[in-house]
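Right under this line is the structure:
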(Lines of atoms letter the chains of each structure in order from A; the text may use other names.)
(Lines give C-alpha, C1' and ligand atoms only; values in the text may rest on other atoms or scores of the structure.)
Protein backbone atom coordinates (compact mmCIF):
# COMPACT_ATOMS: atom_id res chain seq x y z
CA UNK A 1 0.00 0.00 0.00
CA UNK A 2 2.78 2.41 0.97
CA UNK A 3 4.57 1.75 -2.31
CA UNK A 4 1.35 2.34 -4.30
CA UNK A 5 0.76 5.67 -2.56
CA UNK A 6 4.35 6.69 -3.20
CA UNK A 7 4.15 5.72 -6.88
CA UNK A 8 0.86 7.57 -7.36
CA UNK A 9 2.34 10.66 -5.76
CA UNK A 10 5.41 10.44 -7.95
CA UNK A 11 3.38 10.22 -11.14
CA UNK A 12 1.37 13.28 -10.08
CA UNK A 13 4.61 15.21 -9.56
CA UNK A 14 5.81 14.14 -12.99
CA UNK A 15 2.58 15.33 -14.57
CA UNK A 16 2.75 18.77 -12.97
CA UNK A 17 6.50 19.50 -13.18
CA UNK A 18 7.53 18.09 -16.52
CA UNK A 19 5.83 17.77 -19.86
CA UNK A 20 7.25 14.50 -21.12
CA UNK A 21 5.82 13.57 -24.50
CA UNK A 22 5.05 9.96 -25.49
CA UNK A 23 5.23 9.12 -21.80
CA UNK A 24 6.02 5.63 -20.57
CA UNK A 25 6.37 4.78 -16.87
CA UNK A 26 7.84 1.96 -14.85
CA UNK A 27 9.30 0.92 -11.51
CA UNK A 28 12.57 -0.93 -10.92
CA UNK A 29 14.71 -2.02 -7.99
CA UNK A 30 17.99 -0.16 -7.47
CA UNK A 31 20.53 -0.81 -4.72
CA UNK A 32 21.34 2.34 -2.78
CA UNK A 33 22.20 2.49 0.92
CA UNK A 34 23.36 5.98 1.87
CA UNK A 35 21.59 9.33 2.06
CA UNK A 36 23.62 10.47 -0.95
CA UNK A 37 22.27 7.62 -3.09
CA UNK A 38 18.99 9.37 -3.87
CA UNK A 39 20.75 12.38 -5.38
CA UNK A 40 23.28 10.31 -7.32
CA UNK A 41 20.68 7.93 -8.74
CA UNK A 42 18.26 10.65 -9.76
CA UNK A 43 21.06 12.78 -11.21
CA UNK A 44 22.26 9.86 -13.33
CA UNK A 45 18.81 8.97 -14.62
CA UNK A 46 17.22 12.37 -15.19
CA UNK A 47 17.26 14.06 -18.60
CA UNK A 48 15.38 17.31 -19.14
CA UNK A 49 12.05 16.76 -20.94
CA UNK A 50 13.10 13.17 -21.72
CA UNK A 51 13.39 11.20 -18.46
CA UNK A 52 12.44 11.78 -14.83
CA UNK A 53 13.58 9.46 -12.04
CA UNK A 54 12.59 9.38 -8.38
CA UNK A 55 14.29 7.03 -5.92
CA UNK A 56 12.55 5.80 -2.77
CA UNK A 57 15.28 4.81 -0.24
CA UNK A 58 12.90 2.82 1.98
CA UNK A 59 11.87 0.38 -0.76
CA UNK A 60 15.06 0.78 -2.84
CA UNK A 61 12.86 1.36 -5.86
CA UNK A 62 12.87 3.94 -8.61
CA UNK A 63 9.83 5.19 -10.47
CA UNK A 64 10.59 6.51 -13.92
CA UNK A 65 8.71 8.44 -16.57
CA UNK A 66 10.29 8.92 -19.98
CA UNK A 67 9.67 9.83 -23.60
CA UNK A 68 9.63 6.43 -25.29
CA UNK A 69 10.41 8.00 -28.68
CA UNK A 70 13.75 9.31 -27.38
CA UNK A 71 14.96 6.80 -24.79
CA UNK A 72 14.20 3.48 -23.10
CA UNK A 73 14.04 2.23 -19.54
CA UNK A 74 17.17 0.18 -20.24
CA UNK A 75 19.13 3.29 -21.21
CA UNK A 76 18.09 4.99 -17.97
CA UNK A 77 19.01 1.93 -15.91
CA UNK A 78 22.36 1.67 -17.71
CA UNK A 79 23.21 5.26 -16.73
CA UNK A 80 22.28 4.50 -13.12
CA UNK A 81 24.48 1.39 -13.17
CA UNK A 82 27.35 3.42 -14.65
CA UNK A 83 26.98 5.76 -11.67
CA UNK A 84 27.68 2.81 -9.36
CA UNK A 85 24.28 1.33 -8.56
CA UNK A 86 23.21 -2.25 -9.36
CA UNK A 87 19.62 -2.56 -10.56
CA UNK A 88 17.11 -4.93 -12.13
CA UNK A 89 18.83 -4.85 -15.51
CA UNK A 90 22.50 -3.98 -15.01
CA UNK A 91 25.38 -4.51 -12.61
CA UNK A 92 27.43 -1.40 -11.92
CA UNK A 93 31.00 -1.56 -13.29
CA UNK A 94 33.41 -2.51 -10.52
CA UNK A 95 35.26 0.79 -10.96
CA UNK A 96 32.06 2.85 -10.57
CA UNK A 97 31.02 0.84 -7.51
CA UNK A 98 34.48 1.30 -5.98
CA UNK A 99 34.30 5.07 -6.44
CA UNK A 100 31.15 5.37 -4.31
CA UNK A 101 31.74 6.85 -0.83
CA UNK A 102 32.46 4.05 1.64
CA UNK A 103 29.10 4.46 3.38
CA UNK A 104 27.29 4.10 0.05
CA UNK A 105 28.79 0.74 -0.89
CA UNK A 106 25.91 -1.68 -0.56
CA UNK A 107 26.30 -5.44 -0.20
CA UNK A 108 26.74 -7.25 -3.50
CA UNK A 109 25.48 -10.80 -3.14
CA UNK A 110 26.48 -11.92 -6.61
CA UNK A 111 30.07 -12.01 -7.78
CA UNK A 112 30.60 -9.26 -10.32
CA UNK A 113 32.36 -9.96 -13.60
CA UNK A 114 35.88 -8.57 -13.46
CA UNK A 115 36.76 -5.54 -15.52
CA UNK A 116 38.38 -6.33 -18.88
CA UNK A 117 41.93 -5.13 -19.41
CA UNK A 118 42.62 -2.79 -22.36
CA UNK A 119 44.20 -5.76 -24.17
CA UNK A 120 41.07 -7.88 -23.65
CA UNK A 121 38.83 -5.06 -24.83
CA UNK A 122 40.99 -4.69 -27.94
CA UNK A 123 40.64 -8.41 -28.56
CA UNK A 124 36.89 -7.94 -28.80
CA UNK A 125 37.21 -6.59 -32.31
CA UNK A 126 35.87 -8.43 -35.32
CA UNK A 127 37.52 -11.80 -35.76
CA UNK A 128 37.17 -14.11 -38.70
CA UNK A 129 38.47 -17.64 -38.27
CA UNK A 130 37.38 -19.47 -41.44
CA UNK A 131 37.30 -22.98 -39.98
CA UNK A 132 35.12 -21.79 -37.10
CA UNK A 133 32.70 -19.72 -39.15
CA UNK A 134 30.30 -22.62 -39.76
CA UNK A 135 29.99 -23.31 -36.04
CA UNK A 136 29.37 -19.65 -35.27
CA UNK A 137 26.85 -19.58 -38.09
CA UNK A 138 25.07 -22.52 -36.45
CA UNK A 139 24.73 -20.48 -33.26
CA UNK A 140 23.21 -17.57 -35.14
CA UNK A 141 20.93 -19.71 -37.32
CA UNK A 142 19.49 -21.46 -34.25
CA UNK A 143 18.99 -18.10 -32.55
CA UNK A 144 17.16 -16.80 -35.64
CA UNK A 145 15.02 -19.94 -35.65
CA UNK A 146 14.07 -19.35 -32.04
CA UNK A 147 13.25 -15.73 -32.84
CA UNK A 148 10.87 -16.88 -35.59
CA UNK A 149 9.18 -19.24 -33.12
CA UNK A 150 8.46 -16.28 -30.88
CA UNK A 151 7.14 -14.30 -33.86
CA UNK A 152 4.76 -17.22 -34.47
CA UNK A 153 3.93 -17.40 -30.72
CA UNK A 154 5.02 -21.06 -30.70
CA UNK A 155 6.23 -21.91 -27.18
CA UNK A 156 7.19 -25.51 -27.94
CA UNK A 157 9.18 -24.67 -31.04
CA UNK A 158 11.02 -21.92 -29.17
CA UNK A 159 11.95 -24.42 -26.44
CA UNK A 160 13.17 -26.94 -29.04
CA UNK A 161 15.31 -24.34 -30.80
CA UNK A 162 16.74 -23.25 -27.44
CA UNK A 163 17.69 -26.84 -26.62
CA UNK A 164 19.56 -27.13 -29.93
CA UNK A 165 21.18 -23.75 -29.37
CA UNK A 166 22.39 -24.80 -25.93
CA UNK A 167 24.05 -27.90 -27.39
CA UNK A 168 25.76 -25.75 -30.02
CA UNK A 169 26.98 -23.32 -27.34
CA UNK A 170 28.43 -26.18 -25.29
CA UNK A 171 30.28 -27.46 -28.36
CA UNK A 172 31.53 -23.97 -29.18
CA UNK A 173 32.86 -23.51 -25.66
CA UNK A 174 34.39 -26.99 -25.58
CA UNK A 175 36.40 -26.15 -28.68
CA UNK A 176 37.44 -22.79 -27.19
CA UNK A 177 36.03 -20.97 -30.20
CA UNK A 178 34.78 -17.98 -28.23
CA UNK A 179 37.89 -17.36 -26.15
CA UNK A 180 38.68 -13.66 -26.43
CA UNK A 181 35.10 -12.81 -27.42
CA UNK A 182 33.30 -13.40 -24.13
CA UNK A 183 34.46 -14.05 -20.58
CA UNK A 184 33.78 -17.39 -18.90
CA UNK A 185 31.08 -15.78 -16.75
CA UNK A 186 29.38 -14.28 -19.81
CA UNK A 187 29.39 -17.64 -21.60
CA UNK A 188 27.95 -19.36 -18.52
CA UNK A 189 25.19 -16.78 -18.26
CA UNK A 190 24.42 -17.08 -21.97
CA UNK A 191 24.08 -20.85 -21.65
CA UNK A 192 21.94 -20.49 -18.53
CA UNK A 193 19.52 -18.11 -20.26
CA UNK A 194 19.26 -20.49 -23.22
CA UNK A 195 18.58 -23.41 -20.90
CA UNK A 196 15.94 -21.35 -19.09
CA UNK A 197 14.09 -20.83 -22.39
CA UNK A 198 14.28 -24.54 -23.23
CA UNK A 199 12.72 -25.47 -19.88
CA UNK A 200 10.15 -22.68 -19.50
CA UNK A 201 6.53 -23.51 -20.41
CA UNK A 202 5.17 -19.95 -20.27
CA UNK A 203 5.87 -18.12 -23.53
CA UNK A 204 5.65 -14.69 -21.89
CA UNK A 205 8.43 -15.69 -19.49
CA UNK A 206 10.39 -17.21 -22.38
CA UNK A 207 10.21 -13.91 -24.22
CA UNK A 208 11.57 -11.99 -21.24
CA UNK A 209 14.54 -14.35 -21.07
CA UNK A 210 14.96 -14.09 -24.85
CA UNK A 211 15.34 -10.32 -24.49
CA UNK A 212 18.27 -10.86 -22.10
CA UNK A 213 19.80 -13.54 -24.33
CA UNK A 214 19.63 -11.26 -27.36
CA UNK A 215 22.00 -8.78 -25.71
CA UNK A 216 24.57 -11.58 -25.31
CA UNK A 217 24.14 -12.89 -28.85
CA UNK A 218 24.65 -9.32 -30.04
CA UNK A 219 28.15 -9.46 -28.53
CA UNK A 220 28.94 -12.57 -30.58
CA UNK A 221 27.54 -11.14 -33.81
CA UNK A 222 29.53 -7.92 -33.36
CA UNK A 223 32.80 -9.83 -33.13
CA UNK A 224 32.20 -12.36 -35.91
CA UNK A 225 32.82 -11.16 -39.47
CA UNK A 226 29.78 -12.57 -41.25
CA UNK A 227 29.13 -12.52 -45.00
CA UNK A 228 25.60 -11.21 -44.54
CA UNK A 229 24.11 -8.25 -42.66
CA UNK A 230 22.40 -8.70 -39.30
CA UNK A 231 19.84 -6.17 -38.11
CA UNK A 232 19.68 -5.20 -34.45
CA UNK A 233 16.08 -4.19 -33.87
CA UNK A 234 14.25 -2.67 -30.93
CA UNK A 235 10.77 -2.69 -29.40
CA UNK A 236 10.21 0.30 -27.08
CA UNK A 237 7.17 -1.29 -25.43
CA UNK A 238 8.55 -4.61 -24.14
CA UNK A 239 10.20 -4.43 -20.69
CA UNK A 240 10.64 -0.70 -21.14
CA UNK A 241 12.64 -1.26 -24.31
CA UNK A 242 14.14 -4.55 -25.56
CA UNK A 243 16.15 -5.62 -28.59
CA UNK A 244 16.56 -8.63 -30.85
CA UNK A 245 18.63 -9.66 -33.87
CA UNK A 246 17.29 -10.55 -37.31
CA UNK A 247 18.58 -11.56 -40.73
CA UNK A 248 15.64 -9.67 -42.23
CA UNK A 249 15.38 -5.91 -42.36
CA UNK A 250 11.59 -6.25 -42.18
CA UNK A 251 10.33 -5.87 -38.61
CA UNK A 252 8.84 -9.07 -37.19
CA UNK A 253 8.47 -8.50 -33.45
CA UNK A 254 9.23 -11.65 -31.39
CA UNK A 255 7.92 -10.17 -28.14
CA UNK A 256 4.29 -9.68 -29.17
CA UNK A 257 3.86 -11.93 -32.21
CA UNK A 258 0.70 -11.23 -34.22
CA UNK A 259 -0.52 -8.70 -31.64
CA UNK A 260 2.06 -6.09 -32.68
CA UNK A 261 4.03 -7.83 -35.39
CA UNK A 262 5.50 -4.71 -36.98
CA UNK A 263 6.17 -2.76 -33.78
CA UNK A 264 9.80 -1.71 -33.60
CA UNK A 265 12.66 -0.32 -35.65
CA UNK A 266 16.20 -1.18 -36.76
CA UNK A 267 18.74 0.56 -34.54
CA UNK A 268 21.93 -0.98 -35.95
CA UNK A 269 23.03 -2.83 -39.07
CA UNK A 270 25.96 -5.17 -38.46
CA UNK A 271 27.99 -6.07 -41.55
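Residue numbers (the UniProt record's numbering): 1 to 271. The C-beta atom is built at its ideal place from N, Cα and C for all residues, glycine as well.
- Considered as a whole, the segment 31-87 harbours 51-56, 61-67 as its complete beta strand (DSSP E) runs of no fewer than 3 residues, in chain order.
- Straight through space, the alpha carbons of residue 31 and residue 89 are spaced by roughly 12 Å.
- Out of 100, 68, 71, the CA that lies nearest to the CA of residue 81 is found in 100.
- As the crow flies, the alpha-carbon of residue 264 is around 32 Å from that of residue 170.
- In this model, residue 59 and residue 71 are separated by some 25 Å (Cα to Cα).
- Residue pairing of residue 26 in beta bridges, as defined by DSSP: 64.
- Residue state for residue 268 is assigned as strand, using DSSP reduced to three classes.
- Sorting 187, 48, 148, 77 by C-alpha distance to the C-alpha of residue 166 places 187 at the top.
- Pairing residue 75 with residue 55 gives a Cβ-Cβ distance that is not under 9 Å.
- Nearest C-alpha to residue 214 among 145, 97, 49: 145.
- A distance below 6 Å between beta-carbons, with the five flanking residues on each side excluded, links residue 260 to the following residues of its chain, in chain order: 253.
- Contact check for residue 158 against residue 238 fails: the beta carbons are separated by 9 Å or more.
- By the Cβ neighbour-count rule, residue 245 is buried, with 16 or more other Cβ atoms within 10 Å of its own.
- Within a 10 Å sphere around the beta-carbon of residue 228 sit fewer than 16 other beta-carbons, which makes this residue exposed.
- In this chain, the beta strand (DSSP E) harbouring residue 245 covers 242-246.
- Taking a C-beta distance under 9 Å as the contact criterion, residue 49 and residue 19 qualify as a contact pair.
- Here the C-alpha atom of residue 189 lies approximately 9 Å from the C-alpha atom of residue 216.
- Judged by beta-carbon spacing, residue 269 lies beyond the 9 Å limit of residue 251, meaning their Cβ atoms are not closer than that value.
- For residue 230, the beta-bridge partners assigned by DSSP are 270.
- CA-to-CA, the gap between residue 26 and residue 135 works out to about 40 Å.
- Boundaries cannot be given for residue 259, as no alpha helix (DSSP H) includes it and DSSP labels it neither H nor E.
- In the structure shown, residue 92 adopts coil according to DSSP, grouped into three states.
- Here residue 104 is not bridged, per DSSP, to any residue.
- Taken atom to atom, the span from the alpha-carbon of residue 94 to that of residue 102 is near 14 Å.
- Comparing C-alpha distances from residue 233 to each of 226, 224, 243, 225 shows the shortest one belongs to 243.
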